[in-house]
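K.L.:
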Amino acid sequence: MNFKKQNPINQQKRATFGLGLITAIVVIPVLLILGVVFVKGISVIDWNFLTTEPTNGLREGGVFPAIVGTLILVVGAVVWSVPFGVATAIYLVEYSPRSRAANLVRLAILNLAGVPSVVYGLFGLGVFVIALKFGASILAGTLTLALMGLPVIVTSTAEALKAVPDRFREASLALGASKWQTTRHVVLPNSIQGILTGIILEISRAGGETAPILFTVAAFYLPRLPQSIFDQVMALPMHLFAISTQVPNIGLDVRYAVALTLLFLVLGINAVAISIRAKIRKNRIW
Amino acid sequence: MAKTLIKSEKFNLWYGDFQALIDIDLDIPENQVTAVVGPSGCGKSTFVRCINRLNDQINTVSTKGSIFIDGTDIYQYTADEVVGLRRSVGMVFQRPNPFPLSVFENVAFGLKTNPMVPDHQTIKKEVNKALQAVGLLEDLDGNLARPGTSLSLEQQQRLCIARCLPTRPKILLMDEPCSALDPSDTDKVEELIRELRKDYTVVIVTHNLQQAGRISDQSVLFHLGKIIEAAPTADFFQNPKEKRTRDFITGRYG
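If you read the sequences in order, they're chains A and B. Heads up: the first sequence at position 86 corresponds to 1021 in this note's numbering, and the numbers run straight through without jumps. Heads up: the second sequence at position 36 corresponds to 48 in this note's numbering, and the numbers run straight through without jumps.
1. Between the alpha carbons of A:Gly992 and A:Ala1154, how many angstroms are there, rounded?
2. Using the C-alpha atoms, what's the distance from B:Gly263 back to A:Ala1024?
3. Alpha carbons only, please: which of B:Lys141, B:Cys190, B:Ser164 is nearest the one belonging to B:Arg7?
4. Within a Cβ cutoff of 6 Å, which residues of the same chain sit near B:Val217, ignoring the five residues on either side of it in sequence?
5. Where does B:Tyr89 sit, in a helix, a strand or coil, going by DSSP?
6. Excluding sequence positions up to five away, which residues of its chain have a Cβ less than 7 Å from the Cβ of B:Leu38?
7. Just to confirm the assignment: which complete beta strand (DSSP E) runs, minimum length 3, are found wholly within the segment 189 to 230 of chain B?
8. Taking the C-alpha atoms as reference points, what is the distance between A:Val998 and A:Pro989?
9. If you reduce the DSSP assignment to three classes, tell me which class B:Asp187 lands in.
10. At 4 residues or longer, and completely inside the segment 49 to 97 of chain B: list those alpha helix (DSSP H) runs for me, N to C.
11. From A:Pro1172 to A:Ala1141, what distance separates their C-alpha atoms?
12. With 8 Å as the limit, tell me which residues of the segment 41 to 69 of chain B have their beta carbon closer than that to any beta carbon of chain A; keep them in chain order.
13. Checking 8 Å against the spacing of the C-beta atoms, do B:Arg180 and B:Val146 come in under that value?
14. With 16 as the cutoff for other CB atoms within 10 Å, does B:Asp153 come out buried or exposed?
15. Determine whether the Cβ of A:Leu1131 lies closer than 8 Å to any Cβ atom of chain B.
16. Return the CA-CA distance between B:Arg258 and A:Asn1038, expressed in angstroms with no decimal places.
17. Check whether the Cβ of B:Ile30 lies closer than 8 Å to any Cβ atom in chain A.
18. Hey, how far is the Cα of B:Asp82 from the Cα of B:Val215?
19. For the beta strand (DSSP E) containing B:Asn24, list its first residue and its last residue.
20. Check whether the segment 1026 to 1046 of chain A touches the segment 1198 to 1214 of chain A, counting contact only when three or more Cβ pairs, one atom from each stretch, lie closer than 8 Å.
21. Among B:Arg209, B:Arg256, B:Tyr87, B:Pro108, which has the Cα closest to the Cα of B:Asn24?
22. Please classify B:Val139: is it buried, with 16 or more other beta-carbons within 10 angstroms of its beta-carbon, or exposed?
23. Three-state secondary structure (DSSP) at B:Gln169?
24. Take the Cβ of B:Pro110 as the centre, count every other Cβ of all protein chains shown within 10 Å, and call the residue buried at 16 or more, exposed below.
25. Within the same chain, show all residues whose beta-carbon is closer than 8 Å to that of B:Ala192, passing over the 5 residues directly before and after it, in chain order.
26. Considering only C-alpha positions, which residue in the set A:Leu1045, A:Ile960, A:Val1010, A:Val979 is nearest to A:Ile1185?
27. Spatial neighbours of B:Leu236 within its chain, please: CB distance less than 7 Å, with the 5 preceding and 5 following residues excluded, ordered by chain position.
28. To the nearest angstrom, how far is it from the Cα of B:Val222 to the Cα of A:Asn945?
29. Does the contact criterion of 3 or more C-beta pairs under 8 Å hold for the segment 1061 to 1076 of chain A versus the segment 1007 to 1014 of chain A?
30. Compare the C-alpha of A:Pro1147 against each of A:Ala1098, A:Ala1012, A:Lys1214 and name the closest.
31. Tell me the DSSP secondary structure of B:Leu233 in three-state form.
32. Where DSSP assigns a beta bridge to B:Leu163, which residues make up the other side?
33. With H, G and I counted as helix, E and B as strand and the rest as coil, what does DSSP make of A:Ala1153?
34. When the Cα atoms are used, what is the spatial distance from B:Val45 to B:Ile227?
35. What residue range is occupied by the uninterrupted beta strand (DSSP E) comprising B:Asp35?
36. Is A:Val961 helix, strand or coil when you go by DSSP?
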């Protein structure tokens, strides 16, 4: 019999080092981005910058309308996409888990996730802005963002529903609860965390996207707050794009300040959602 | 001989192409405990889950034949009637599965999902009565706000039994209710089952022959989807008619 020599302890050490190194390679750029944006942008950010309107063709003043605009767009996207996304996921998982129609819908949603965001922008322009005559407006923009967020909401909700153990469904049905009562009172309360995870992902995406809002809602320069859902708004990503490419002679530090404001805003909204999720997790008792 | 409450007539069930139950004929007497025994995969759980039509949940299941409760064929029921059927047939599962809610909400669940929701006072009364019946009211000192999942496994199983009671079922189905419990806890649950017989017809699946001997009035042996023998428990164990029953109770297979 032949033996081959090996040294498990050394292999273990090399594996630990290798995996740690790769993780560091992944993490360092993220920290660098945050660090660079912070260091270069923080000097410009003050109370005035955050609370006043831009003046002199975007060259001076603050970003207040863009902050409000981005907030409205994020909230609007969530408000449209969550009811539709959650309902679709419930139908797919609880009501028709293996039918041909459900498979088609699933396939369509997966494909939806792969569509580039600029295509959503053009779709929104064609359907919401022009065909439905919403014009470039909060309504058209949030609907476009919601459409883009749907795959994430549907997928994360579906996974959350599937993670609820069948023994809860059986117990509920065996007690004479209908399928809807079982879904409403047993399955949904136990999958709310996963649904929130989907919402958190959507917030980040909706807050940062430029292409879908470019033709549907974002205003280049609109130094006032919107009055109705048929108004346009400024948005931070669009504002960043505008001052970086369309307006000459704006200091680099101002651009970084806008980027930093966007980062803080999205992180802030996410922090709220994450703390709600953490609270639910703490109260969960199975 | 007691009155027959549940009657199975030439009942067959398929999971896709696989036939799990073959021509099941069985009479289950009222207010008695019927134990269903047999080796793993013999169809005993499947059969019990037919009595409240819980197998309807599985897409691939198809059935032929009838199961009568009180003279009506439950396999002629519409989807709405099936929901009503499940309120009159309680079920306790192998693994205790209280909802992640308080003890009170667990027991109130059946009433709150009723088409006619009773007022809060009535719900409270029924919940207390159900918990009293399984001996949990004393165990918990009336603290019904505790999460159901924080109880010991044995208490959880008694909670799951109590959860079935407020909708006033006639029948309690139990699918190996003690298999997750240790011997002393099993004693307590068995004692409870013996008491429940006064008010309910109990059908219990068990892999534990001694348990069948201790708690049941009638025993039924399933093998490969067929009933081998159904007899009063004393006869079943002391004087079995079939050779396969003799082999099974002496531990030669199963």
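Where is the CB? At the ideal position from N, CA and C, for every residue including glycine.
P.N.:
Put simply:
1. Taking the first residue of the first sequence as 1, we reach residue 992 of chain A at position 57. Taking the first residue of the first sequence as 1, we reach residue 1154 of chain A at position 219. Looking at the two C-alpha atoms, the distance is approximately 13 Å.
2. The count along the first sequence starts at 1 and reaches residue 1024 of chain A at position 89. The count along the second sequence starts at 1 and reaches residue 263 of chain B at position 251. Between the alpha carbons of A:Ala1024 and B:Gly263 lies a distance of about 49 Å.
3. The structure shown does not extend to residue 7 of chain B, since chain B spans only 13 to 266, so no value can be given for it.
4. In the second sequence, residue 217 of chain B corresponds to position 205, counting from 1. Excluding residues within five positions, the ones whose Cβ falls inside 6 Å are Val48, Lys56, Ser57, Val60, Asp187, Glu188.
5. Counted from its first residue, the second sequence places residue 89 of chain B at position 77. Here DSSP, grouped into helix, strand and coil, assigns B:Tyr89 to coil.
6. To locate residue 38 of chain B, count along the second sequence from 1; it is residue 26. Here the set comprises Ser20, Val232, Ile239, Ala242.
7. Taken in chain order, the complete beta strand (DSSP E) segments of 3 residues or longer contained in the segment 189 to 230 of chain B are 213 to 217.
8. Here residue 998 of chain A is taken as the residue at index 63 of the first sequence, counted from 1. Here residue 989 of chain A is taken as the residue at index 54 of the first sequence, counted from 1. Straight-line Cα distance between these residues: approximately 6 Å.
9. Position 175 of the second sequence, counted from the first residue, corresponds to residue 187 of chain B. Secondary structure of B:Asp187 (DSSP, three-state): strand.
10. The segment 49 to 97 of chain B contains these whole alpha helix (DSSP H) runs: 56 to 60.
11. As a working note, residue 1172 of chain A is residue 237 in the first sequence. As a working note, residue 1141 of chain A is residue 206 in the first sequence. Rounded to the nearest angstrom, the two C-alpha atoms are 10 Å apart.
12. Hits within the stretch, in order: Asn64, Leu66, Gln69.
13. Mapped onto the second sequence, residue 180 of chain B falls at position 168. Mapped onto the second sequence, residue 146 of chain B falls at position 134. For B:Arg180 and B:Val146, no; Cβs fall outside 8 Å.
14. Along the second sequence, read from residue 1 onward, the residue named residue 153 of chain B stands at position 141. With a threshold of 16 other beta carbon atoms within 10 Å, B:Asp153 falls short and is exposed.
15. Taking the first sequence and counting its residues from 1, one reaches residue 1131 of chain A at position 196. Not a single CB atom of chain B sits nearer than 8 Å to the CB of A:Leu1131.
16. Within the second sequence, residue 258 of chain B is the residue found at index 246, counting from 1. Within the first sequence, residue 1038 of chain A is the residue found at index 103, counting from 1. If I take the Cα positions, the gap works out to 51 Å.
17. The count along the second sequence starts at 1 and reaches residue 30 of chain B at position 18. The identity of residue 30 of chain B in the sequence shown is Phe, whereas the question assumes Ile. No, its Cβ sits nowhere closer than 8 Å to a Cβ of chain A.
18. One-based indexing of the second sequence puts residue 82 of chain B at position 70. One-based indexing of the second sequence puts residue 215 of chain B at position 203. Rounded to whole angstroms, the separation of the alpha carbons of B:Val215 and B:Asp82 is 15 Å.
19. Taking the first residue of the second sequence as position 1, residue 24 of chain B is located at position 12. Element bounds for B:Asn24: 16 to 27.
20. No, they do not touch.
21. Stepping through the second sequence from its first residue, residue 24 of chain B is reached at position 12. When only C-alpha atoms are compared, the closest one is B:Tyr87.
22. By one-based count along the second sequence, residue 139 of chain B stands at place 127. Buried.
23. As a first step, residue 169 of chain B must be located in the second sequence, where it is residue number 157. DSSP, reduced to helix, strand and coil, places B:Gln169 within a helical segment of the structure shown.
24. Sequence index remark: in the second sequence, residue 110 of chain B carries index 98 (1-based). The residue is buried, with at least 16 neighbouring Cβ atoms inside 10 Å.
25. Looking up residue 192 of chain B in the second sequence gives position 180. The residues are Gln106, Arg107, Pro108, Leu165, Gln169.
26. Counted from its first residue, the first sequence places residue 1185 of chain A at position 250. Distances from the CA of A:Ile1185 to each of A:Leu1045, A:Ile960, A:Val1010, A:Val979 were compared; the closest alpha carbon is that of A:Val979.
27. As a position in the second sequence, residue 236 of chain B is number 224, starting the count at 1. The answer, listed in chain order, is Cys54.
28. As a first step, residue 222 of chain B must be located in the second sequence, where it is residue number 210. As a first step, residue 945 of chain A must be located in the first sequence, where it is residue number 10. The identity of residue 222 of chain B in the sequence shown is Gln, whereas the question assumes Val. Between B:Gln222 and A:Asn945, the C-alpha separation is close to 55 Å.
29. Two segments are said to touch when three or more pairs of C-beta atoms, one from each, lie closer than 8 Å; by this definition the segment 1061 to 1076 of chain A touches the segment 1007 to 1014 of chain A.
30. By one-based count along the first sequence, residue 1147 of chain A stands at place 212. Considering only alpha carbons, the answer is A:Ala1012.
31. For the purposes of this step, residue 233 of chain B is identified with residue 221 of the second sequence, where counting begins at 1. Residue state, collapsed to three classes: strand.
32. Position 151 of the second sequence holds residue 163 of chain B. For B:Leu163, no pairing in a beta bridge is given by DSSP.
33. Counting from one through the first sequence, the residue named residue 1153 of chain A turns up at place 218. Note: A:Ala1153 maps to strand in three-state DSSP.
34. Counting from one through the second sequence, the residue named residue 45 of chain B turns up at place 33. Counting from one through the second sequence, the residue named residue 227 of chain B turns up at place 215. If you take the alpha carbons of B:Val45 and B:Ile227, they lie about 7 Å apart.
35. On the second sequence, residue 35 of chain B is found 23 positions in, with the first residue counted as 1. Bounds of the beta strand (DSSP E) holding B:Asp35 are 30 to 41.
36. Here the question's residue 961 of chain A lines up with position 26 in the first sequence. Helix.
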